[in-house]
Amino acid sequence: MKVMNERKRTLSGDSHRAARALVGLVALAVSAASPAAQGSGRIEPVFPAETPGFAWVEAEDAVSTNFAREATLDYSASRSRTLRLNREGDAPGAPFYAEYALLVEEAGTFRLYVAGTLPGPADELLPSYGSPLSVSVDGGAPRPLFRENVAVVEAYGVGGFWYAAEDRISLEPGMHTLRFEAAERRRHDRRWYLALDAFFLLADGSPVAAPDFDRSVLPERFPRDLADRSLDNPYLTLAQYSARIDADPSDRGAYLSLAQVYGMIGDHANALRTLARGKLAAGDDPRFTLLSARSRVWSGEGEEGLRLFREFLGVSGGDRAVWAEAAKIAAWLGRYEESLGLYRDAIARFPDDLNLRVNFGLTYLWAGRAAEGKASIDEARATAFASVEGVKELADIYAVNGYPAEALDSYRDGISRFPDELELYLLASRASMALGDGEGALRFEREAAARFVPSPRLEALLAARRRAAELK
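Position in the sequence shown (from 1) plus 25 gives the number in the numbering used here.
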């Protein structure tokens, strides 16, 4: 679902002047980290948590992309955002790509796992609802990602899948770039279409692959079972889905799958008809109501979509992400009192959810109730700044909602409160680059280099941040 309010700020990250300033100031950061610069008062940094043989990247954090000007808000996605390509077949700008920079601390052979829409097939006889992909490493030859050479691991959210590439990738320690590229148009209607949510590299032998690994240190959307292949089958044609439903009108999964395919191709009217038919033939199911609500919103029927969201929440209770989605839609529609009511009910269910509490305050501000909005946000900030994780979550909430300057301020305030946390400096540098401020990004790196005891790992992490900034 696209961010629909005019308050969202769109700022370019491609600043040539910032890039020139970045190159000119790199030497200062290196010099500050040198042994000659050591002096009393430097402290040991708390390094970002490291999980051996595992590197996770959010798709919206591309250092360079022409998929879209901004990420799409999707509450069912990792960190509530996806990077989407949805263009007419003759749209200018091809090839469409998204490029990423990541640091590998130990050599290994890695498997690539990707979250998003499934890539299209190579076989011309198979239905094609998404564009095939290719991925290249460090400028090497593209590796195709067709439906036939990836293994589906898990379905999640609204039409999202985790899938694993067949080929392994061998990497040495150091900074690497990965480039995803839309290889061709989907054959259904010759559009460029796909979505990327997140991806990760997992080394052979990494403890993350063990069934008993502590999931609390992994991102929320990490697949439940990396070995599961129960969904590893390609899409059917529209006619085949219809035949499957005719053969067994009680098959709820068939209605949901067909409705999701209709959603992918933008045919929301048929998606709604399919869901209504499923509700009558297969019996009531909250999933029909939720998908109908989203289809109504996507087709521009916000009021009816909101009514269906309320119906779903009244029957199923819903998880915190759906409450947040419904309340945000009400705010987009200008129904601020209804939005505030939804946030109140959601917070009563999930009192520790920072996202709900911050958005509650933002909705007060949108409604012109500044004092109440400030009080609510100040209360949420006080909770967030009790921990480093809270600071990072608060900054991310601001970024998701279109307030990049406030996200940067959160990192800056977090550094004041937790001066030994290196990750806050790196995130603040990245947030500055997102605002087109290359000099500001380097100031955070120089501050870290001057504050912390020098070490090879510190310099490697600062160099990785500089490299990502240069690519940006």
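The C-beta atom is built at its ideal place from N, Cα and C for all residues, glycine as well.
- Within the DSSP bridge table, the entry for alanine 228 names Phe135 as partners.
- The segment 272-281 makes contact with the segment 293-305, as at least three CB pairs between them are under 8 Å.
- Threonine 90 has Ala123 as its beta-bridge partners, per DSSP.
- Under DSSP, proline 169 forms a beta bridge with Ser159.
- Assigned with DSSP and collapsed to three states, tyrosine 181 falls in strand.
- About 17 Å separates the Cβ atoms of aspartate 438 and valine 71, ruling out a contact at the 8 Å cut-off.
- By DSSP's assignment, glutamate 206 forms a beta bridge with Tyr122, Ser159.
- Where valine 286 is concerned, the enclosing alpha helix (DSSP H) starts and stops at 277-289.
- With respect to the C-alpha of alanine 355, the residue from Val322, Ser267, Phe410 having the closest C-alpha is Val322.
- Proximity of the segment 145-162 to the segment 190-209 meets the contact definition, three or more beta-carbon pairs being nearer than 8 Å.
- Counting the other Cβ atoms within 10 Å of the Cβ of proline 232 gives fewer than 16, which makes it exposed.
- Spatial neighbours of alanine 176 in its own chain (CB-CB distance under 8 Å, excluding positions within 5 residues in sequence) are listed in chain order as Tyr188, Ala189, Glu191, Arg254, Asp257.
- The C-alpha of arginine 382 is placed about 8 Å away from the C-alpha of tyrosine 368.
- The DSSP-derived three-state label of glutamate 69 is coil.
- Among the bridge pairs identified by DSSP, methionine 200 is matched with Leu128.
- Residue range 106-112 is occupied by the beta strand (DSSP E) that includes asparagine 111, with no alpha helix (DSSP H) assigned at that position.
- Excluding five sequence positions before and after alanine 234, the CB atoms of its chain that fall closer than 8 Å to its own CB belong to Leu227, Leu251, given in chain order.
- Per DSSP, reduced to three states, the secondary structure at valine 416 is helical.
- About 5 Å separates the Cβ atoms of proline 248 and glutamate 179, confirming a contact at the 8 Å cut-off.
- One Cα belongs to serine 105, the other to alanine 96, and the distance between them is close to 10 Å.
- Under DSSP, threonine 314 shares a beta bridge with no residue.
- Between glutamate 470 and arginine 491, the C-beta gap is smaller than 8 Å, which places the two residues in contact.
- The residue among Asn380, Tyr389, Ala396 with its C-alpha nearest the C-alpha of arginine 406 is Asn380.
- In this structure, glutamine 285 sits away from glycine 141, with a CB-CB distance that is not shorter than 8 Å.
- CA-to-CA, the gap between valine 129 and methionine 289 works out to about 35 Å.
- Isoleucine 194 is bridged by DSSP to Phe135.
- Rounded to whole angstroms, valine 82 and arginine 246 show a C-alpha spacing of 12 Å.
- Residue Trp357 holds the alpha-carbon nearest to the alpha-carbon of glycine 325 among Trp357, Phe313, Ala268, Pro167.
- A direct Cα-to-Cα measurement between glycine 118 and leucine 110 gives close to 12 Å.
- Look at aspartate 421 here: in three-state DSSP terms it is helix.
- By the neighbour-count criterion, in which 16 or more other beta carbons inside 10 Å mark a residue as buried, proline 144 falls on the buried side.
- Distance check between isoleucine 68 and each of Arg476, Ser480, Ala494 places Arg476 closest, using alpha-carbon atoms only.
- Residue pairing by DSSP places tryptophan 357 in no beta bridge whatsoever.
- Closest in alpha carbon position to phenylalanine 121, among Tyr287, Leu460, Ala220, Thr202, is Ala220.
- When rounded, the separation of the alpha-carbon atoms in serine 195 and lysine 497 is 25 Å.
- Bounds of the alpha helix (DSSP H) holding phenylalanine 469 are 463-476.
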